[in-house]
Structures are given as C-alpha cells and as structure tokens.
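Residue numbers (full-length UniProt numbering): 1 to 164.
Dropping the structure here:
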C-alpha cells in the first residue's frame with residue numbers, strides 16, 4: 001500500500017526553497033511515527049533537503065539524473081515511476097514523502113494520506129493539490145496539542161481512497 005505523508009499550510013502550502021516554511025515539532029514526531037520502519041519514496045530534492053539518511057527506513061530516491069548516486073546501504077536511487085511500482089512488495093506499506101512532483105506522480109496509486117493541516121498561511125513557492133473529495137474521505141481527524149514548542153494550530157487527518 002502507498003501512503004502519502006505530508007504537511008500543508010492553510011492554503012495547501014508545501015514548502016519554500018525546498019524547505020518547510022514552519023517549525024512544528026509535533027509534526028516531525030508524527031512523521032517519524034508513521035514512517036518508522038517503512039520504506040520512503042521521495043524525489044532527489046526532498047532527499048537532499050533531509051538532515052541526512054533517516055534511521056530505520058529505506059530511502060527510495062526518484063531522479064531523472066542517471067548519473068546521480070548515493071553510497072549508503074539504506075538509499076536506493078531509481079529513475080522511473082514504473083521501476084518503483086514494479087519493485088513494490090504487495091505485502092508491505094510504503095510512504096510517499098514528496099516533493100510536489102512525487103506526490104503528483106504517485107497519487108493515482110496511493111491508498112491513504114496522512115495529512116497534517118497547519119491552520120495558518122505561509123509564504124511558499126510549492127503547493128499541494130487538494131485531494132478530490134469525490135475520490136477521498138476523511139476517516140480520522142485529531143487536533144494537535146499546542147504548547148511552548150508547538151505554537152501553530154494544527155490537525156492530523158487521515159484520508160482513504162473511496163472504494164470504486
């Protein structure tokens with residue numbers, strides 16, 4: 001199963017200059033909890049924006065650059081969506097973590113979305129395409145806890161693709 005994991009601002013902002021335009025430790029913990037031990041599919045720019053190889057998770061990096069290489073046992077570089085789809089184990093879950101083009105490429109194959117919705121607007125240069133309500137249903141929603149480190153109002157939503 002493919003599971004998209006992402007956070008967006010009030011206007012579906014995803015990022016600015018390949019970075020998150022907010023600091024929200026609750027969302028980072030939520031991301032870690034969901035993706036822990038699950039292979040993560042991402043684009044090259046998202047991979048390069050990470051602080052390093054995240055522990056306990058295979059990183060599947062999609063890039064058009066056929067010369068791009070990463071020398072790490074937990075990183076696999078792939079050059080086409082079909083190569084990734086053909087290699088997926090149907091018994092396993094995989095997370096799709098971005099960026100925007102990766103979400104667009106894999107959304108037709110995605111079964112679930114873990115969406116952190118931050119209820120503020122941000123300066124951004126990249127936006128997420130709102131899931132079509134004809135195709136997706138919200139199955140859970142939980143308010144994030146506000147404290148001295150988490151000052152932005154936010155909600156954790158889970159959406160599932162409607163059965164056809």
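The beta carbon of each residue, even a glycine, is placed where N, CA and C say it ideally should be. Since this is a predicted model, take the numbers as computed values, not measurements.
#### Entry: Residues that DSSP places opposite residue 15 in a beta bridge
Locating residue 15 in the chain shown gives position 15, counting from the first residue. DSSP, once it has assigned bridges, lists 126 as partnering residue 15.
### Message
Checking 7 angstroms against the spacing of the C-beta atoms, do residue 78 and residue 60 come in under that value?
### Response
The sequence position of residue 78 within the chain shown is 78, counting from 1. The sequence position of residue 60 within the chain shown is 60, counting from 1. Their beta carbons are under 7 angstroms apart, which means residue 78 touches residue 60 by this criterion.
### Meets three-Cβ-pair contact criterion under 8 angstroms: the segment 28-39 and the segment 2-9
At 8 angstroms Cβ cutoff, the stretches touch.
### Query
Under three-state DSSP, which class holds residue 44?
Taking the first residue of the chain shown as 1, we reach residue 44 at position 44. It is helical.
### Message
Let me make sure I understand the geometry here. Which of 76, 28, 18, 16 has the alpha-carbon closest to that of residue 149?
### Response
Taking the chain shown and counting its residues from 1, one reaches residue 149 at position 149. Of 76, 28, 18, 16, the residue nearest in Cα terms is 28.
### Query
Opposite residue 2 in the DSSP bridges: which residues?
The sequence position of residue 2 within the chain shown is 2, counting from 1. According to DSSP, which records beta bridges pairwise, residue 2 is partnered with 94, 110.
### Message
If you follow the beta strand (DSSP E) that residue 60 is in, where does it begin and where does it stop?
### Response
As a position in the chain shown, residue 60 is number 60, starting the count at 1. Bounds of the beta strand (DSSP E) holding residue 60 are 59-62.
### Query
Near residue 93, what residues of its chain come up, given a Cβ to Cβ distance below 7 angstroms and the 5 sequence neighbours on each side ignored?
If you number the chain shown from 1, residue 93 lands on position 93. So the qualifying residues of the chain are 1, 3, 38.
#### Entry: residue 30 versus 132, 13, 143, residue with shortest Cα-Cα distance
Walking along the chain shown from the start, residue 30 turns up at place 30. Of 132, 13, 143, the residue nearest in Cα terms is 143.
### Task
Could you spell out where the beta strand (DSSP E) holding residue 70 opens and where it closes?
As a first step, residue 70 is located in the chain shown; it is residue number 70 there, counting from the start. First-last for residue 70: undefined, no H or E at that position.
### Query
Going by the beta-carbon positions, is the gap between residue 10 and residue 130 smaller than 7 angstroms?
If you number the chain shown from 1, residue 10 lands on position 10. If you number the chain shown from 1, residue 130 lands on position 130. In this structure, residue 130 does not lie closer than 7 angstroms to residue 10 by Cβ.
### Query
Which residues in the same chain as residue 19 place their Cβ atom closer than 8 angstroms to its Cβ, once the five residues preceding and following it in sequence are excluded?
Position 19 of the chain shown, counting from 1, holds the residue named residue 19. Correct list, in chain order: 49.
### residue 87: first and last residue of the uninterrupted alpha helix (DSSP H) it sits in
Stepping through the chain shown from its first residue, residue 87 is reached at position 87. Run containing residue 87: 81-87, per the alpha helix (DSSP H) assignment.
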